[in-house]
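J.:
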Amino acid sequence: MSEEKKIFGRADEFLALFKRGAEFSKELLVENERLRTELARLEDRQNSAAQTPEDWSKLRRELLERIRVLERECLNVRERLGQVETENSQFAQRYVEIEEENNNLANLYVASYQLHSTLDLDEVLKIIMEIVINLVGAEVFAIYLLDEESGALGAVAAEGAAVADFPKGRLGSGALGKAVAATEATCWDPGQSKDLNQPIVCVPLVVQSRPIGAISIYSLLQQKDGFSALDHELFNMLGGHAATAIFAARLYSQSERKLNTIQGFIDLLTN
Amino acid sequence: MGQQRILIVEDSPTMRQLLVFALRRLKGVEIVEAQDGMDGLRKVSNDHFDIALIDINMPVMDGLKLIRLMRSEESLKEIPIVVITTEGASEDRERALSLGANEYLTKPIQANRVLSVVKGLMKLS
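Respectively, the protein sequence lines represent chains L and E. So the numbering used here is basically just the index in the first sequence, starting at one, shifted up by 218. So the numbering used here is basically just the index in the second sequence, starting at one, shifted up by 190.
Given below as structure tokens:
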């Protein structure tokens, strides 16, 4: 019995050993398959890559050429970017200029619109004063009107000093008179002397090449450093439009007076 | 967001028109004009405004008095105020700012500067 047990025990051991051998063989087969696949993959890669020194050299040349092309493209792109940035900066600058131009035109339009909004001489003078204070930034100035018969220039409205403080002028003599006779805006040193005999700017008021008066500026508001391009545009505009507005207001006033006189006669004759 | 309202208190019609011209560039705002401090006070008390541009030297009631009254009135004291004036002295500026003005601009005005200040105070883009 014990002999029989021993035989069965050895048979079991053998069977177990055999099973382990079988499993090991299976694992070897799987590993073998994996290695075959890997080998095939590596062979594929090897076949598609350069195999000879000439192939390597060709590949190198192609890559270098590709790098050169890309570098050229990169340079072109950088150049274009630079151009776009320059254009952009030019557009921004142009935008600022147009904005400024737009603002200047608005100032000129408003000044012109206001000047021609009334036929009352006092109101016209008031509007001229407003423009010179608010748009030009003058602190001391006067509006002179010319007596065409005598050639005398007398202040009729003023800011910063009483009208009576402004000296009378004569067409063709003195700083004011010469500037008015020249019928062109004249600028002297834009200091702050407040000397009422020496204006810093004289803007003759001219209708059809005939001077009818002037705007004479003696000092500027403390925050105003000097005259800008817009100020000169305003002087030109005032020289023509303020003169026309004054001229029209005077004509209207005269015609009103004549109309009243005629109406008076008619009333006298008909009653 | 509804339409924002701007009040211009200025005695000079030329200056008012110039400010209206500049502020019209802002989208979605309504501009109301007042010709002196009293007119400005009446308008600002009767209607809602998001900002007020106030001149200093005006007939009837000057700008400084208007600012003082606005800042003492509970319903008006939060309205941003921009002073626009010919007075360029630093003491004038300090006086206006100490009374409660938010900004102080001197004439002659630059339209861009006015727009930028108004946009900033109204928190407009």
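Here a beta-carbon is modelled for each residue, glycine too, at the ideal position from N, C-alpha and C.
To the nearest angstrom, report how far apart LEU257(L) and ASN250(L) are at their CA atoms.
T.: 10 angstroms
J.: Pick helix, strand or coil for LEU438(L), following the three-state DSSP scheme.
T.: strand
J.: Comparing alpha-carbon positions, which option in HIS450(L), ARG468(L) and ALA463(L) lies nearest HIS334(L)?
T.: ALA463(L)
J.: Give me the Cβ distance between LEU389(L) and LEU364(L), rounded to the nearest whole Å; I'm assuming they're in contact under 8 angstroms.
T.: 6 angstroms
J.: Per DSSP, what kind of secondary structure is SER391(L) in: helix, strand or coil?
T.: strand
J.: If I measure Cβ to Cβ from VAL210(E) and keep anything under 8 angstroms in the same chain, skipping five residues before and after, which residues do I get?
T.: Answer for VAL210(E): ILE198, ILE221 and GLU223, listed in chain order.
J.: Between the beta-carbon of PRO422(L) and the beta-carbon of GLY387(L), is there less than 9 angstroms?
T.: In this structure, the beta-carbon distance from PRO422(L) to GLY387(L) does not fall below 9 angstroms.
J.: What does the alpha-carbon distance come out to for the pair ASP449(L) and VAL354(L)?
T.: 6 angstroms
J.: Can you list, in chain order, the residues of its chain whose CB lies under 6 angstroms from that of ARG283(E), leaving out five sequence neighbours each side?
T.: TYR294
J.: Which class does PHE384(L) belong to by DSSP, given the choice of helix, strand or coil?
T.: Of the three classes helix, strand and coil, the one that applies to PHE384(L) here is coil, per DSSP.
J.: Check this for me: beta carbons of THR275(E) and VAL328(L), under 9 angstroms apart or not?
T.: no
J.: Between which two residues does the alpha helix (DSSP H) holding ALA240(L) run?
T.: ALA240(L) -> alpha helix (DSSP H) spans 220-266.
J.: According to DSSP, simplified to helix, strand and coil, what is PHE359(L)?
T.: It is a strand residue.
J.: Take ALA373(L) and list the residues in its own chain whose beta-carbon comes closer than 6 angstroms to its own, dropping the five residues that flank it on each side.
T.: The residues are ALA360, TYR362, VAL381 and PHE384.
J.: Alpha carbons only, please: which of GLU366(L), ILE418(L) and LEU452(L) is nearest the one belonging to THR404(L)?
T.: ILE418(L)
J.: Let me see if you follow: with CB-CB separation under 9 angstroms, is GLY227(E) close to chain L or not?
T.: no
J.: On the DSSP bridge assignment, give the partners of GLU366(L) in chain order.
T.: According to DSSP, which records beta bridges pairwise, GLU366(L) is partnered with nothing at all.
J.: Have a look at GLU268(E) and ASN236(E) and give me their C-alpha separation to the nearest angstrom.
T.: 15 angstroms
J.: Give a yes or no on whether 9 angstroms exceeds the smallest Cβ distance from LEU439(L) to chain B.
T.: Looking for chain B here will not work: the only protein chains present are L and E.
J.: For a quick check, are the C-beta atoms of GLU451(L) and ASN322(L) less than 9 angstroms apart?
T.: Yes, Cβ-Cβ distance for GLU451(L) and ASN322(L) is below 9 angstroms.
J.: For PRO203(E), does the three-state DSSP call read helix, strand or coil?
T.: helix
J.: Can you find a C-beta in chain L that's less than 9 angstroms from the C-beta of PHE239(E)?
T.: no
J.: With the cut-off set at 9 angstroms, would you say VAL273(E) and ALA291(E) are in Cβ contact?
T.: yes
J.: Below 7 angstroms CB to CB, which residues in the same chain sit around LEU259(E) once its five sequence neighbours on both sides are set aside?
T.: When the five nearest sequence neighbours on each side are left out, the beta carbons in the same chain lying within less than 7 angstroms of the beta carbon of LEU259(E) are those of LEU231, in order along the chain.
J.: Note down the Cα distance separating VAL304(E) from LEU213(E), rounded to an integer number of angstroms.
T.: Each residue's alpha carbon lies about 8 angstroms from the other.
J.: Just list the residues that DSSP pairs ARG195(E) with in beta bridges.
T.: Answer by DSSP bridge pairing, in chain order: GLU220(E).
J.: Taking a contact to mean a Cβ-Cβ separation below 9 angstroms, would you say ILE244(E) touches GLU200(E) in this structure?
T.: yes
J.: Measuring from the CB of ILE480(L), is there a heavy atom of the ligand FMN at a distance below 8 angstroms?
T.: No copy of the ligand FMN appears in this structure; indeed no ligand is present at all.
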